[in-house]
Amino acid sequence: MLCGGAAAGAFGSLLGLGGGILIVPLLTLGFGLPLREAVGVSLICVIMTSSAAAGVYLERHVANLRLGMTLELFTAIGALVGGSIAFLLDERLLSLLFAALLLYVAATMARARTVQPIPETPAATELDALAGPARTPTTLDRLSGDGYRVRHLGRGVVGATGAGVASALLGIGGGIIKVPLMHLSMGVPLRVATATSNMMIGITAAASAVIYVVRGGIDPYVAGPTAIGVFLGATAGSRLAHRVDLRYLRILFIVVLVYTAIQMLLRGAR
Amino acid sequence: MNAVTPRPAIHAASRTMAAERLSGRLLIGITYTSVGFLVIGVVLMVVDGISPLSGGPSLDLTTLDTQIAAREPAAFLWLGLLTVIAAPIGRVIVAGVAYARDADWLMVVISVSILLIIAIGVGSALAVRA
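Put into structure tokens, the structure is as follows:
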């Protein structure tokens, strides 16, 4: 379990994903745990890796704390809803949802090279210079950072709520939704979006993890070794990232995701 | 001509940066502390010959201290897991306090609301369990 967690943490760290997408299949398909219990353990692992990385991002002032906390409010609402309905849904339905998520991630990774970055919106200061006389800063101005201006907050709110629900139901960090949302839709630079999403993952997962803890959905004997493994794997992965040829790793990962998706589909169809 | 940033704004910005640095250090510190508790729990599991798939006990806060004194693996594991969950919540509290010092009331309301949602989650889960 410790080794499996380490592999999931290293793989996730090398490819810029949280370990959640791998931990749930590892525990359900590999160790025969009920899916809901695996989701609870995965949430713990996701918080751990996110906290360690977000700590570094915050110290270096890469993450946008103000924007992150604003969106966190809505991911937390989503997580509260998701965490509550997770105990009502049939495990087979959750398996099918997870299989769909795996296929979506595999397709996203396969298309990664063809995605073109969109131009970022000019920074608030540049717009102010064009606008002429000083004006009262709007909410969007206050959420913007150095060199960029946040836009489409409404889309961000809806997307963040959805990411929270998905996180609580499937035990993922939700970065796969939040990073494209902030970068492509809200005009946040990719580096800042990644750091801010990482910071948000902690609260998103914590909001649902507390529900899993109270309702007896987390087994400490499983969560302990897996979380340590993920932590060690993620730490090693971040140090190995520049030495590994990510092209082959990406192809291998896509194959693993598709295989795992098929297994989850079969599990859901039983 | 360059605009001159007012002095209070500079102080607020530097306080925000200090809050970010403090939040970052807090997250890293709590994460390492939680790993420490989890490692102790796993070592005790190995010593006691407990299989990870044997089914662990649910959390019982009323007896956690006596279980820790008795060096029960599950108690240290639960302590580690609760510390993991506390890390991002602690970060929100630190940020909320920093925003309150800057009189940034919108962000204070957001911080408090996040904590409230988590509290509602705990409360509703306790109600369902009862």
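Residue numbers (the working numbering), protein chains in the order written: chain W, 1 to 270; chain R, 1001 to 1130. Cβ atoms here follow ideal geometry from the backbone N, Cα and C, with glycine treated the same way.
What in chain R is Cβ-close to residue i, meaning under 8 angstroms?
i: Leu65/W; result: Thr1016, Ala1019, Glu1020, Ser1023, Ala1095
i: Gly202/W; result: Leu1027, Ala1087, Pro1088, Arg1091
i: Gly77/W; result: The sequence given here places Ile at residue 77/W; Gly does not occur at that position. Going along chain R in sequence order, the residues near Ile77/W (Cβ under 8 angstroms) are Ile1117.
i: Leu140/W; result: Per Cβ cutoff of 8 angstroms: no residues; Leu140/W is ~13 angstroms from chain R at best.
i: Ile21/W; result: By Cβ distance, chain R contributes nothing, its closest Cβ being about 19 angstroms from Ile21/W, past 8 angstroms.
i: Ile47/W; result: Val1084, Ile1085, Ala1087, Pro1088
May I ask which residues mark the beginning and end of the alpha helix (DSSP H) holding residue i?
i: Tyr221/W; result: 220–240
i: Ser95/W; result: 91–110
i: Phe87/W; result: Neither: Phe87/W is in no alpha helix (DSSP H) and is coded neither H nor E.
i: Met200/W; result: 190–214
i: Ala1070/R; result: Here Ala1070/R belongs to no alpha helix (DSSP H), and DSSP marks it neither H nor E.
i: Leu271/W; result: Here chain W has residues from 1 to 270 only, and residue 271/W is not among them.
i: Val1108/R; result: 1105–1129
i: Leu169/W; result: 153–170
i: Ile1050/R; result: Segment: none, Ile1050/R is in no alpha helix (DSSP H) and carries neither H nor E.
i: Val179/W; result: 175–180
i: Pro25/W; result: 20–25
Rounded to whole angstroms, what's the CA-CA distance from residue i to residue j? Just pull it up for me.
i: Gly83/W; j: Thr226/W; result: 21 angstroms
i: Gly1029/R; j: Leu266/W; result: 42 angstroms
i: Leu43/W; j: Leu33/W; result: 15 angstroms
i: Ser1054/R; j: Arg1071/R; result: 18 angstroms
i: Phe98/W; j: Ile47/W; result: 19 angstroms
i: Gly1080/R; j: Arg1101/R; result: 31 angstroms
i: Lys178/W; j: Leu58/W; result: 18 angstroms
i: Ile77/W; j: Ser167/W; result: 11 angstroms
i: Glu1020/R; j: Val39/W; result: 30 angstroms
i: Pro1052/R; j: Asp219/W; result: 9 angstroms
i: Val142/W; j: Arg270/W; result: Before going further, note that residue 142/W is Arg rather than Val in the sequence given. Distance between the alpha carbons of Arg142/W and Arg270/W is about 51 angstroms.
i: Ala37/W; j: Gly174/W; result: First, the amino acid is wrong: residue 37/W is Glu here, not Ala. If I take the Cα positions, the gap works out to 18 angstroms.
i: Thr138/W; j: Ala261/W; result: 44 angstroms
i: Val1108/R; j: Leu1115/R; result: 11 angstroms
i: Ser208/W; j: Ile228/W; result: 20 angstroms
i: Ser197/W; j: Asp1048/R; result: 40 angstroms
i: Ala160/W; j: Leu101/W; result: 16 angstroms
i: Leu232/W; j: Tyr221/W; result: 18 angstroms
i: Asn1002/R; j: Val188/W; result: The predicted model places Asn1002/R with a pLDDT of 48, which falls under 50 and marks its position as unreliable; any figure quoted below should be read in that light. Their backbone Cα atoms lie some 25 angstroms apart in a straight line.
i: Glu72/W; j: Ala1095/R; result: 13 angstroms
i: Leu94/W; j: Leu88/W; result: 10 angstroms
i: Arg243/W; j: Ala7/W; result: 17 angstroms
i: Arg239/W; j: Leu1082/R; result: 28 angstroms
i: Pro117/W; j: Pro180/W; result: Any reading at Pro117/W must be qualified, since the residue scores a pLDDT of 48, below 50, and its modelled position is unreliable; the value itself is stated next. Those two C-alpha atoms are separated by around 10 angstroms.
i: Gly1123/R; j: Val213/W; result: 12 angstroms
i: Ala1103/R; j: Ile254/W; result: 48 angstroms
i: Val1039/R; j: Ile211/W; result: 24 angstroms
i: Ser185/W; j: Arg155/W; result: 7 angstroms
i: Ala1125/R; j: Gly1041/R; result: 26 angstroms
i: Leu22/W; j: Gly12/W; result: 8 angstroms
i: Asp128/W; j: His152/W; result: Low per-residue confidence applies at Asp128/W: pLDDT is 49, beneath 50, and the placement is therefore not dependable, though the value from the model is reported in the following sentence. Computed Cα separation, rounded: 19 angstroms.
i: Val258/W; j: Ala63/W; result: 32 angstroms
i: Arg250/W; j: Arg60/W; result: 28 angstroms
i: Phe31/W; j: Leu65/W; result: 38 angstroms
i: Leu1022/R; j: Gly1090/R; result: 11 angstroms
i: Ala1098/R; j: Ser1111/R; result: 10 angstroms
i: Cys45/W; j: Leu2/W; result: 12 angstroms
If residue i sits next to residue j, beta carbons under 8 angstroms apart, how far is it from one beta carbon to the other, in whole angstroms?
i: Ser51/W; j: Leu1059/R; result: That pair is no contact at about 20 angstroms.
i: Val24/W; j: Gly162/W; result: Going by Cβ atoms, the distance from Val24/W to Gly162/W rounds to 19 angstroms, so no, they are not a contact pair.
i: Gly164/W; j: Thr75/W; result: 4 angstroms
i: Ala54/W; j: Met199/W; result: 4 angstroms
Could you tell me which chain W residues have their CB closer than 8 angstroms to the CB of residue i, listed as they occur along the chain?
i: Gly1041/R; result: Pro220, Gly224
i: Trp1078/R; result: Pro220
i: Ala1074/R; result: Pro220, Tyr221
i: Ile1068/R; result: Result: empty, since nearest Cβ-Cβ is about 13 angstroms, beyond 8 angstroms.
i: Leu1064/R; result: None at all; the shortest Cβ gap to chain W is about 11 angstroms.
Taking residue i as the query, report the chain W residues whose CB atoms sit under 7 angstroms from its CB, ordered along the chain.
i: Val1128/R; result: Arg215
i: Ile1110/R; result: Met69, Thr70, Leu73
i: Ala1100/R; result: Under the 7 angstroms cutoff, chain W gives no residues; its nearest Cβ is about 13 angstroms from Ala1100/R.
Find the residues of chain R that neighbour residue i, judging by a C-beta separation of less than 9 angstroms, and give them in chain order.
i: Gly55/W; result: Ser1023, Gly1024, Arg1025, Leu1026, Leu1027, Ile1028, Gly1029, Ile1030, Thr1031, Ala1087, Arg1091
i: Ser317/W; result: Summary: the structure shown does not reach residue 317/W, with chain W confined to residues 1 through 270, and so no result is reported for it.
i: Phe31/W; result: Pro1052, Leu1053
List the residues of chain R that residue i touches, going by C-beta distances under 7 angstroms, in chain order.
i: His61/W; result: Met1017, Glu1020
i: Ala166/W; result: Near Ala166/W there are no residues of chain R at all, since even the closest Cβ is about 16 angstroms away, more than 7 angstroms.
i: Leu252/W; result: Result: empty, since nearest Cβ-Cβ is about 27 angstroms, beyond 7 angstroms.
i: Ser84/W; result: Ser1124
i: Phe231/W; result: Val1035
Residue i touches chain W at which residues, Cβ-Cβ below 9 angstroms?
i: Val1122/R; result: Val210, Ile211, Val213, Val214
i: Gly1056/R; result: Ile218, Asp219, Pro220, Tyr221, Val222, Ala223, Gly224
| field | Within the region 30–81 of chain W, ranges of the alpha helix (DSSP H) (whole runs, at least 4 residues) | value | 35–59
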